[in-house]
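Residue numbers (my numbering): 1254 to 1427.
Virtual Cβ for every residue (Gly too), placed ideally from N, Cα, C.
Keep in mind the model is a prediction, meaning the values are calculated, not measured.
What follows is a single structure, written as structure tokens, with notes after it.
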Amino acid sequence: MKTTSTEQLILGILSEGPEYGYRIEGIIEKRDMRKWADIGFSSIYYVLEKLEKKGLATAEPSRGREKKRYFITESGKESLREETRRQIAKRRPSNTHLMTGLANSHCIGDEEWRLALEERRRQLAWDYAALQKKLPLEEEKSPSAGRLFRLSERLLRAELDFVEGELERMEGKG
């Protein structure tokens, strides 16, 4: 069954064990998933309802204002396995927002280009330092969290190298 990336993200969390919506939010925050996943806090409950309607997740019956606890179904596990294999095997460009900006960078002047690069370099350096602190902790928790953090570390380093190279190129021109 075709699912969105957000649905896959939540199914993946549920595959680790049953969770409440607010705890799913905490996991997303703790793993820095918002840096690359387009999911807002209010979207989590909407997505959980969609997963229930598709038969990919189910919730314990709740009484009154009691919070629902969600579980992945067998159908959800199969969908997660299929989509995970497909997502890993099929190459798609990451960082499409940066690539779009680069494709259109001709429309900003050299000074704006430099300032944007310097701001990005600051953000990348901060993210890289924060990731370095979290990496050992996340690698101990689960193999998939470790893989995600190791890839993030390498991508951040490569992007930082690119930005620094562009800034050096600009300095050489001036």
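Minimum C-alpha distance to residue i - residue among the options
i     : options                       : result
L1351 : V1416, E1302, T1337 and A1310 : V1416
R1367 : I1277, G1293, E1424 and T1259 : E1424
T1259 : G1270, Y1298, K1283 and R1276 : Y1298
R1284 : E1421, E1419 and S1397        : S1397
D1414 : A1378, N1348 and K1306        : A1378
L1304 : K1255, R1375, M1286 and R1344 : K1255
G1354 : A1369, A1342 and K1343        : A1369
E1269 : L1333, S1358 and A1356        : L1333
T1337 : E1364, E1421, T1257 and K1426 : T1257
K1288 : E1421, S1358, I1361 and D1380 : D1380
Cβ-based neighbour list, residue i, same chain, cut-off 6 Å, excluding 5 preceding and 5 following
i     : result
A1290 : L1262
G1329 : L1264, L1309 and A1310
S1315 : K1321
Under the three-state DSSP convention, the category residue i falls into
i     : result
A1290 : coil
E1269 : coil
K1303 : helix
D1414 : helix
S1258 : helix
S1405 : helix
K1426 : helix
S1315 : coil
S1296 : helix
K1330 : helix
R1339 : helix
K1320 : coil
R1284 : coil
Sequence-distant residues of its chain with Cβ nearer than 7 Å to residue i (five each side left out)
i     : result
L1384 : F1402, S1405, E1406 and L1409
R1373 : V1416
L1301 : I1263, G1274, A1310 and Y1323
I1266 : E1272, I1277 and I1280
F1294 : E1278
E1419 : L1370
Residues bridged to residue i (per DSSP)
i     : result
I1479 : Outside the modelled stretch of the chain, which goes from 1254 to 1427, sits residue 1479, for which no answer is possible.
Own chain, CB closer than 8 Å to residue i, minus 5 neighbours either side, in chain order
i     : result
P1346 : M1352
N1348 : L1408 and E1412
T1326 : G1308, L1309, A1310 and T1311
K1387 : D1285 and F1402
Inside the segment 1341–1386 only - alpha helix (DSSP H) runs reaching at least 4 residues: Within the segment 1341–1386, the complete alpha helix (DSSP H) segments of 4 residues or longer fall at 1349–1356, listed in chain order.
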